[in-house]
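Peer 1: Going by the numbering used here, 63 is the number at position 35 of the sequence shown; the sequence numbering is gapless. Glycine included, C-beta positions come from ideal geometry on N, C-alpha and C.
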Amino acid sequence: MLRFLNILLDAILPRRERTKHTSERTAADIPLFPATHTLLGTEIVTILNYREPAVRELLQSLKYDASGHAAQLCVALLEDYVREEISAKHMFSTQPVVLIPVPLHKNRLRERGFNQIEKILEHLSEEFHDGTASRIDSQALIRVRSTKQQTHLSRRERLENVANAFTLTEHHGLKDAHVLLLDDVTTTGATLVEASKPFLEVGIPVSLIALARA
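1. Among all the DSSP beta bridges, which residues are the ones paired with Asp211?
2. Does Thr179 pass the burial test, meaning 16 or more other C-beta atoms within 10 Å, or should it be called exposed?
3. I'd like to check one pair, Ile232 with Val207: are the Cβ atoms closer than 8 Å?
4. Under three-state DSSP, which class holds Arg138?
5. Assign Leu67 to one of three DSSP states: helix, strand, or coil.
6. How many Å lie between Leu106 and Pro131 at the Cα?
7. Taking the alpha helix (DSSP H) that Pro81 falls in, what are its first and last residues?
8. Return helix, strand or coil for Phe194, following the three-state DSSP convention.
9. If I measure Cβ to Cβ from Leu228 and keep anything under 7 Å in the same chain, skipping five residues before and after, which residues do I get?
10. Relative to the C-alpha of Val305, which residue among Lys225, Val230 and Thr216 is closest?
11. Cutting at 6 Å between CB atoms, please list the residues of its own chain near Asp165, excluding the five before and the five after it.
So this is what it looks like as structure tokens:
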């Protein structure tokens with residue numbers, strides 16, 4: 029069904045049109061749908077529903093059209109939820125919180141020119157960068173295997189596709205930290221769960237957040 033919706037969207041809503049729609053919206057125009065899902069035995073927090081047309085246009089404008097306005101809207105929608113997650117962690121622990129985007133493989137990054145979730149994190153308020161609430165690290169986790177796009181794969185194929193695709197850099201500097209691992213869209217949770225494994229294997233606690241659930 030999602031594949032059909034994506035094909036239909038591309039057919040009836042050209043790139044310029046979806047970006048135009050997004051440019052005319054404010055954060056108040058984007059419907060929130062906060063939820064916690066248990067996917068592959070792991071909790072993943074999401075704040076948007078990808079089936080909402082305004083949400084699809086927003087995230088496609090960011091991912092495929094590099095819309096700066098879309099990035100700013102995502103920041104406005106995401107900040108309060110990240111702040112709440114960080115506050116909850118600090119209630120029970122003194123561990124510093126580190127925000128980490130799910131990385132692209134270097135080949136995909138070269139093709140696209142940017143990592144959309146990294147672009148969002150770059151625009152977060154200073155408190156999320158300077159250690160007041162958290163810091164951001166886009167280098168600690170790397171994608172070592174080039175994988176197919178997940179969109180049209182089955183649940184089993186998604187799991188196989190991203191297996192062993194991520195690793196921590198040798199000098200990650202995350203000892204005693206709590207990681208918030210972020211992605212733009214999750215469907216089965218395969219990418220986020222697989223990306224969390226390198227942290228868990230060395231005893232680093234990690235929480236998973238995606239902007240939207242598809």
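Peer 2: With the given structure in hand:
1. Ala238
2. exposed
3. yes
4. helix
5. strand
6. 18 Å
7. Pro81 to Asp93
8. strand
9. Val234
10. Lying outside 29 to 242, the shown extent of the chain, residue 305 is not represented and no answer is given.
11. Val126 and Ile128
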